[in-house]
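Take a look at the structure set out below.
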Amino acid sequence: MQRIVIKNFGPIKDAEIEITPLLVLIGEQATGKSTIAKLIYFFKSLSNDFFSRYYMSENLKFDVTNDIVFPLRRKFYDYFGSTFHMDKFDITYHYNNRRSITLTLNEEKRLDAHLSTPFFGREDGMMLNRYKSELLQIRKEIEQEYQLPNKIALQQKQMLLIQSFSDKINEIFSNVHNDLSYIIAGRNATVGYSSFFDNMFASNLQKTIENQGKRAFMAKEQTIDETLMLDFMQRVSVLKQIMNKSGDFDGLVRNADPKKQVILAKAHQLINKVIRGEYISSTDEKIVVADGKYVYLKNASSGQQEAIRILQDAFVAIMSDDTVFRIIEEPEAHIFPEAQMYLLQLLAMLLNNKDGNQLIITTHSPYVLTVINNLMFAHKVGQKSPDKAKEIVEKESWLAPEKVNAYMLSTSNGVERIIDDELSMIMAERIDEVSDKLNDDYDKLLNIEYED
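When you read off a place in the sequence shown, starting at 1, and then add 1374, the result is the number in our numbering.
Rendered as C-alpha cells:
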C-alpha cells in the first residue's frame, strides 16, 4: 500500500494518507482536497516521466541526480510554481516499504528532493544501463538495415526490449498502471465547441505552458491546472475518436470482445440512467431522449455535460485491458443524487474490472459517501445472500471494504480518516454532520418562533 505524508504544504498542515484502490477525499472548499490529489498524481506520474526521458536521451549511464532529481524539481516548479513565497514543508511519498521520495525546502527556499537509500540499488542501475545500451545499439542497427525482413525482426526485438525496460522502471516505482489520467472539474469546457476551437485552444495552451517552462525559476506561475486541462483535452479527443467509430455505446458493446459484452451492457445501462437518454456520437454529439427526440450535447443540461466525459472514460477503460489510475474531481457536479448513485456504481464497476485499478475521488457531496457505504454493505450482504443482493445492486459494483479509504478535510480538524474499521464502513455520523448543522439551525429558529 502506498501512502503520502504531508506537513505544512498549502492548506495541509499535517496529513498521512493511505492510498487504497478507492480513496475518497471530502471536505469544504479550500481545505486541500485537490492539493492532495495533485500531489499524488505528481508522484504517481514520475515513473512514466523517467521512462520517456531516459529512453529518448543519449545518456549511456543512469545518474540519479541528472535523470531523477533535477527533472523532478523542474516538474514541481512547473506544477506548483515558485517556492520562494512558501513556508518550509515536508512531503514524503512512500512507493513501498523500501522506496520513498521526500521533498523539502532548503534555507534558500529552493526545492530539495531526497530519495530513500537505496531507491535505486546497484543492480537496478546496472540493469537500466544495460537496457539503455542495448536500445541505443538496436536503434542504430534498425537505421542501418535495409532488408525489410531483418528490419521487422529488429523492430520486434526493440519492442520486447522497451517492454522489459518499462517493466523494470515500473518495478522500481511500484507502478502497475499503464493508463493514468486526471479528470478535472469543469469538464463541460470540452463540450459545445467545434474541433477547430479545440485545436486552437489546445495549441495556445501548449504554447503558454512551454513559454512558462522557459521562464526563470522566480517568475514561474502555477501551471498545473493548465497542464491537467491540456492532458484531459487530449484524452477527450481519443474518447471522441473511439465513440465516432461505432456511433454510440450500443455499437461499442456489439463490437467488443464477447467476454466483455455482458459487463459493458450493464455499464451502458448505468450511463443511460445518469444522462437520462442515449448518447449518440456523429457530426455533433447528442443525447436521444423519449420518443426519438434529441438534444445536442452543447445544449444539454450542465449535469449531462459534466458527467458525459467521466462516463465515456469509464466505459472505454472497462472495455480495454489496461490497468488504470484515475483521479476524478467532483464527479457529483450538477447531477441529482439518484444520478450520483448510478455514476458511483459505474466507477465501482471500473474499479473492480481489473486487479490493480485505482481511483481517487474528491467531493463535496455527502451523497457520494452514502452511495459508497451502500456498495460496501452490498458486498457484505452479498457474501450471505448473493442472489438477493444482486437484485438491488449489480455484483460488479459491490465494493470490498478493504479496497476503500476515506478522509474528511476541514479548517478546524485538518485531515481525518473517517473509516469505521469495526463496521468496515464510512462513519455515518460524519456523513450526517452537514444535515445535523442544518437541523440544529432549524431547531433554534423554531424555538425563537414559539418562545413567547
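Where is the CB? At the ideal position from N, CA and C, for every residue including glycine.
Assuming residue i is part of the beta strand (DSSP E), what are its boundary residues?
| i | result |
| --- | --- |
| His1468 | 1464-1468 |
| Asp1388 | 1386-1393 |
| Tyr1824 | First-last for Tyr1824: undefined, no H or E at that position. |
| Phe1383 | 1376-1383 |
| Ile1661 | 1660-1662 |
| Gly1560 | Taken as a continuous stretch (DSSP letters only), Gly1560 belongs to no beta strand (DSSP E), as it is neither H nor E. |
| Ile1654 | 1652-1654 |
Which two residues bound the contiguous alpha helix (DSSP H) that contains residue i?
| i | result |
| --- | --- |
| Gln1529 | 1522-1546 |
| Phe1751 | 1740-1758 |
| Asn1618 | 1598-1620 |
| Gly1677 | 1676-1693 |
| Thr1409 | 1407-1418 |
| Val1443 | Looking at the DSSP string, Val1443 is not in any alpha helix (DSSP H), and its letter there is neither H nor E. |
| Met1460 | Note, Met1460: premise wrong, no alpha helix (DSSP H); not H, not E. |
| Asp1498 | 1496-1518 |
| Leu1638 | 1635-1649 |
| Gly1730 | Premise fails: Gly1730 is in no alpha helix (DSSP H) and is neither H nor E. |
| Asp1624 | 1623-1629 |
To the nearest angstrom, how far is the alpha carbon of residue i from that of residue j?
| i | j | result |
| --- | --- | --- |
| Lys1762 | Met1723 | 19 Å |
| Thr1744 | Asp1599 | 29 Å |
| Ser1408 | Asn1549 | 22 Å |
| Tyr1451 | Gln1608 | 23 Å |
| Gly1384 | Asp1806 | 28 Å |
| Glu1659 | Leu1671 | 5 Å |
| Ile1418 | Arg1447 | Here residue 1418 turns out to be Lys, not Ile, going by the sequence shown. Cα to Cα, the separation comes out at about 15 Å. |
| Ala1641 | Gln1686 | 10 Å |
| His1753 | Trp1772 | 5 Å |
| Tyr1824 | Asp1814 | 16 Å |
| Leu1479 | Asn1382 | 11 Å |
| Asp1388 | His1468 | 16 Å |
| Lys1542 | Glu1703 | 31 Å |
| Gln1643 | Gly1560 | 25 Å |
| Ile1512 | Ala1404 | 51 Å |
| Ala1487 | Tyr1415 | 17 Å |
| Thr1737 | Ile1386 | 17 Å |
| Met1603 | Gln1521 | 44 Å |
| Asn1562 | Lys1435 | 46 Å |
| Asp1810 | Glu1803 | 9 Å |
Give me the DSSP bridge partner(s) of residue i.
| i | result |
| --- | --- |
| Leu1554 | Phe1699 |
| Asp1486 | Thr1478 |
| Met1723 | Partner(s): none; Met1723 has no beta bridge. |
| Leu1399 | Thr1736, Tyr1781 |
| Ile1800 | Ile1793 |
| Gly1788 | Ser1784 |
| Tyr1670 | Lys1660 |
Please tell me whether residue i and residue j are closer than 9 Å, where the distance is taken between their beta carbons.
| i | j | result |
| --- | --- | --- |
| Arg1683 | Leu1733 | no |
| Ser1456 | Arg1473 | no |
| Val1663 | Arg1650 | yes |
| Val1438 | Phe1494 | yes |
| Asp1605 | Tyr1556 | yes |
| Glu1519 | Leu1510 | no |
| Val1755 | Glu1706 | no |
| Asn1552 | Asp1696 | yes |
| Ile1800 | Ile1735 | no |
| Leu1554 | Val1789 | no |
| Ala1713 | Val1648 | yes |
| Ile1400 | Arg1377 | no |
| Ala1691 | Asn1727 | yes |
| Leu1749 | Phe1689 | no |
| Ser1759 | His1708 | no |
| Ser1421 | Ile1546 | yes |
Is there a C-beta anywhere in chain B that falls below 9 Å from the one on residue i?
| i | result |
| --- | --- |
| Leu1510 | Checking the listed chains, one finds no chain B in this structure; it contains a single protein chain. |
Touching by the beta-carbon criterion (3+ pairs, under 8 Å), the region 1650-1665 and the region 1614-1629: yes
Sufficient close CB pairs (3 or more, under 8 Å) joining the region 1710-1726 to the region 1675-1689: yes
Stretch pair the region 1506-1515 + the region 1426-1441: three plus CB contacts closer than 8 Å: yes
Segment contact, 8 Å Cβ cut-off, at least three pairs: the region 1437-1446 with the region 1461-1468: no
Meets three-Cβ-pair contact criterion under 8 Å: the region 1772-1781 and the region 1383-1403: yes
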